[in-house]
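**Q** Read in my numbering, the sequence shown has 202 at position 201, and its numbers run on one by one without any break. First the structure, then my questions, so here it is.
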Amino acid sequence: MVKNRLSSLLVEAVAVLICLLFVIPFVFAVINSFKTYPEMMESFIRLPNRLNFENYVKAWTVMKGLRPFINSIIITVFSIIGIVLFSSMAAYKLSRTKDRKSWVIYLIFVFALVVPFHCYMIPLVKLTASLKLTKSYIGIVLIYWGICMPYAIFLQHGFVKSIPYDIEESAVIDGCTPFKTFFFIVFPLMKPIVSTLIVIDVIMIWNDFLLPMLIIFMDRSLRTVPLVQYNLYGEYNNEWNTALAAMVLAVVPCVIFFIFMQKYIVRGITSGSVKG
């Protein structure tokens, strides 16, 4: 009993320390985003003498207002729709089809997980340019579909296997087509893992800098939040208080989204079977 209690306390202590490692930098970023530049240089830890909102006004101006946020929302939403729709159907088909061809296709997707993006970055950009899909929402959304699909299929493949096949057989007996069986029977049961996938991909796509830099950077009207933040950093730009204010503005939507979706993440991680 004592050993179990000590083990539990140790696990909780480690969890708290890990949380602090992630929370403390963000807290200091928020604190220093309200300081003037001399205040921040004097002490990074000390609280500001007063709340200086000029940093946020300047950051908002440099980031061109709402436009980058709208661009990020459009790219993120349409990317997520495609990723969830196509990956869930692929995972369902690959997990339910018991033949060598399906297994080989699944292994190809798994292998794609271990290939770094930088290995195919240049050919991908050249292909996108040759198809005239750079400087467009369509181009970057299609690329996100391709990049995120292997992980999405891998994540959902195992979950679909845990769903009893008897449920689908009952639906077929009742006259459901394969289309209806998937969308009205199986897909609702995949809600926990799909919710987890959505949260992971939303955070990744919203914060991504490299791919938008390669595909849409040249068109100022399409720049996302991370790209406009780039204007606040440079060799001759040392206004870190303004840069931190811009960082807080960029992170807040993700934090709010994560807070509302965290219960679905827990369900997705802990769900290994369907309870009837």
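Think of the CB as a built atom: it goes at the ideal place given N, C-alpha and C, for glycine as much as any other residue. In this text the structure is predicted, and so the values were computed from the model without any measurement.
1. DSSP three-state label for Gly-83, please.
2. Any idea what DSSP makes of Gly-159, helix, strand or coil?
3. If we count Cβ pairs, one from each stretch, closer than 8 angstroms, do we get three or more for the segment 37-52 versus the segment 249-262?
4. Put Leu-211 into one of helix, strand or coil per three-state DSSP.
5. On the three-state DSSP scale, how would you describe Phe-259?
6. What number of angstroms, rounded off, separates the C-alpha of Ile-154 from the C-alpha of Thr-182?
7. If you draw a straight line from the C-alpha of Ser-9 to the C-alpha of Val-17, how long is it?
8. Would you identify the three-state DSSP class for Val-63, choosing helix, strand or coil?
9. List the endpoints of the continuous alpha helix (DSSP H) containing Cys-120.
10. Taking contact to mean at least 3 C-beta pairs separated by less than 8 angstroms, is the segment 63-72 in contact with the segment 83-90?
11. Measure how close the beta-carbons of Ile-216 and Gly-140 come, nearest whole angstrom, since I'm counting them as under 8 angstroms.
12. Taking the C-alpha atoms as reference points, what is the distance between Asp-167 and Arg-97?
13. If distances are taken between C-alpha atoms only, which option among Val-195, Cys-20, Asp-100 and Val-31 comes closest to Met-262?
14. Using 7 angstroms as the threshold, is the C-beta distance between Ala-251 and Leu-233 below it?
15. For Pro-151, which residues from the same chain have a beta carbon less than 6 angstroms from its beta carbon, with the 5 sequence-adjacent residues on both sides left out?
16. Assess, as a yes-or-no matter, whether the segment 204-218 is touched by the segment 123-142 under the definition of 3 or more beta carbon pairs within less than 8 angstroms.
17. DSSP three-state call for Phe-45: helix, strand or coil?
**A** Working from what's here:
1. On the sequence shown, residue 83 is found 82 positions in, with the first residue counted as 1. Reduced to three states, the DSSP call for Gly-83 is helix.
2. Against the sequence shown, residue 159 aligns to sequence position 158. It is helical.
3. Short answer: they don't touch.
4. Within the sequence shown, the letter at position 210 stands for residue 211. In the three-state reduction of the DSSP assignment, Leu-211 falls in the helix class, which pools H, G and I.
5. Position 258 of the sequence shown, counted from the first residue, corresponds to residue 259. DSSP places Phe-259 in the helix class (H, G or I) of the three-state scheme.
6. Numbered from 1 along the sequence shown, position 153 holds the residue referred to as residue 154. Numbered from 1 along the sequence shown, position 181 holds the residue referred to as residue 182. A direct Cα-to-Cα measurement between Ile-154 and Thr-182 gives close to 19 angstroms.
7. In the sequence shown, the residue the question calls residue 9 occupies position 8. In the sequence shown, the residue the question calls residue 17 occupies position 16. Their backbone Cα atoms lie some 12 angstroms apart in a straight line.
8. The residue you call residue 63 lines up with position 62 of the sequence shown. Helix at Val-63.
9. Taking the first residue of the sequence shown as position 1, residue 120 is located at position 119. Cys-120 -> alpha helix (DSSP H) spans 118-131.
10. The segment 63-72, when compared against the segment 83-90, does not touch it at the 8 angstroms Cβ threshold.
11. Position 215 of the sequence shown, counted from the first residue, corresponds to residue 216. Position 139 of the sequence shown, counted from the first residue, corresponds to residue 140. Confirmed, about 6 angstroms.
12. Here residue 167 is taken as the residue at index 166 of the sequence shown, counted from 1. Here residue 97 is taken as the residue at index 96 of the sequence shown, counted from 1. Asp-167 and Arg-97: Cα-Cα distance of roughly 12 angstroms.
13. For the purposes of this step, residue 262 is taken as the residue at position 261 of the sequence shown. Residue Val-195 holds the alpha-carbon nearest to the alpha-carbon of Met-262 among Val-195, Cys-20, Asp-100 and Val-31.
14. On the sequence shown, residue 251 is found 250 positions in, with the first residue counted as 1. On the sequence shown, residue 233 is found 232 positions in, with the first residue counted as 1. No, they are not a contact pair.
15. Taking the sequence shown and counting its residues from 1, one reaches residue 151 at position 150. In its chain, beyond the 5 residues on either side, Phe-110, Ala-113 and Leu-114 have a beta carbon closer than 6 angstroms to the beta carbon of Pro-151.
16. With contact defined as three or more Cβ pairs closer than 8 angstroms, the segment 123-142 and the segment 204-218 are in contact.
17. Numbered from 1 along the sequence shown, position 44 holds the residue referred to as residue 45. Coil.
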